[in-house]
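Residue numbers 1 to 254, in the numbering used here, belong to the letters of the sequence shown in order. We put the CB at the ideal spot given by N, CA and C, even for glycine. Working notes for the structure below.
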Amino acid sequence: MRWSRGAARAAALVGLTRRQVPPADSTVVVDAETGFTFGQFITDNGIEYRIALPDPIPANTPYDVVLQVAAPHEIGWAGISWGGSMTYSPLTVAWPNDKDVTVSSRYAFGYYVPPPFDGATYTLLPKGTHVNDTHWQYTVKCSGCTTWGDEDTGYTTLDATQQNALAFAYSVTPPEDPASNISSFSIHDSIGHWYHDFGNIGNAEFDELVSKNSEGGSTGTTPPSTPTTTATTTGTASTTVTPTPTGVEESCES
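The structure is reproduced here in structure tokens:
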């Protein structure tokens, strides 16, 4: 599962000033189903990656995000690297499991199937999670996706005021055990990276929206939501539970 060298080089640009970073590849959308304002990036084959932030965020502090991914039914698994390359940053990987979606937290130290990672915790938001005949979609709150590292290597925190280099990978081949969030999965069929603008996707009612979308849920027949675009850039396009070994809360498991 090798991510591109271009993605790794892009990750090195994260710390540069806005003037030095290319225009963002994300657009601002409002999701009518969940109420979140997201920054959205769409891959050439129609996988939609959406990210929402709280507002305000104190400077130089870790913060939670809400991630929503909608993928065509033929996609076996889809992943996002929060650091812009496969290695040494949190990876969020997910796949359909019948009428459910399995979310897996990973972290790679080399170019092989990334092992489970307990440094990021995911809370499923049922209202924005469903599967139908054409797409599968999940919505989660992630704690630990925007800051990672340790005292020996140092810590990285994604700048909530500017663009950040992210990366994606996917395969049409399903994982070995779709019901397990520690399942092995195949090498990617395609990879890529993009610049996601974090500076314009703040949600003042972030906690309230998380709470609202944690209630109830879909039967699996609701189609993935179609957000309303509110701004365009120039780029392409609950009960406390013990986390599983991957850092995914029990409610995320099938």
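Looking only at its chain, what residues have a beta carbon closer than 7 Å to the beta carbon of residue i, apart from the 5 residues adjacent to it on each side?
i	result
residue 65	51, 52, 53, 142, 145 and 146
residue 166	80, 81, 82, 84, 193, 194 and 196
residue 183	175, 176 and 177
residue 43	168 and 192
Within a Cβ cutoff of 8 Å, which residues of the same chain sit near residue i, ignoring the five residues on either side of it in sequence?
i	result
residue 72	45, 46, 47, 134 and 135
With DSSP as the reference, please indicate the residues paired to residue i in a beta bridge.
i	result
residue 197	163
residue 48	42 and 70
residue 79	93 and 169
residue 143	121
residue 155	149
residue 203	54
residue 85	DSSP lists no partner for residue 85.
residue 187	Paired residue(s): none; residue 187 is not in a bridge.
residue 131	136
Cβ of residue i within 8 Å of Cβ of residue j?
i	j	result
residue 96	residue 178	yes
residue 92	residue 67	yes
residue 160	residue 198	yes
residue 37	residue 128	no
residue 157	residue 60	yes
residue 200	residue 209	no
residue 163	residue 70	no
residue 140	residue 103	yes
residue 148	residue 119	yes
residue 170	residue 150	no
residue 40	residue 29	yes
Which term fits residue i, buried or exposed, when burial requires 16 or more other beta carbons within 10 angstroms of its beta carbon?
i	result
residue 172	exposed
residue 154	exposed
residue 176	exposed
residue 321	This structure gives no information on residue 321, because the portion of the chain shown stretches from 1 to 254.
residue 213	buried
residue 110	exposed
residue 32	exposed
residue 89	buried
residue 75	buried
residue 63	buried
residue 122	buried
residue 112	exposed
Please work out which residues of its chain come closer than 6 Å, Cβ to Cβ, to residue i, disregarding the five sequence neighbours upstream and downstream, and give them in chain order.
i	result
residue 4	Since pLDDT at residue 4 reaches only 44, below the 50 mark, its modelled position is unreliable, and no value is offered.
residue 87	108
residue 260	Here the chain covers residues 1 to 254 and nothing more, so residue 260 does not appear.
residue 206	54
Between which two residues does the alpha helix (DSSP H) harbouring residue i extend?
i	result
residue 207	206-213
Which residues mark the beginning and the end of the beta strand (DSSP E) in which residue i is found?
i	result
residue 102	100-107
residue 257	Because the chain spans 1 through 254 in this model, residue 257 falls outside it and cannot be assessed.
For the ligand FMN, I want to know if residue i counts as a neighbour, meaning its beta carbon is within less than 7 Å of at least one of the ligand's heavy atoms.
i	result
residue 135	The ligand FMN is not part of the structure shown, which contains no ligands of any sort.
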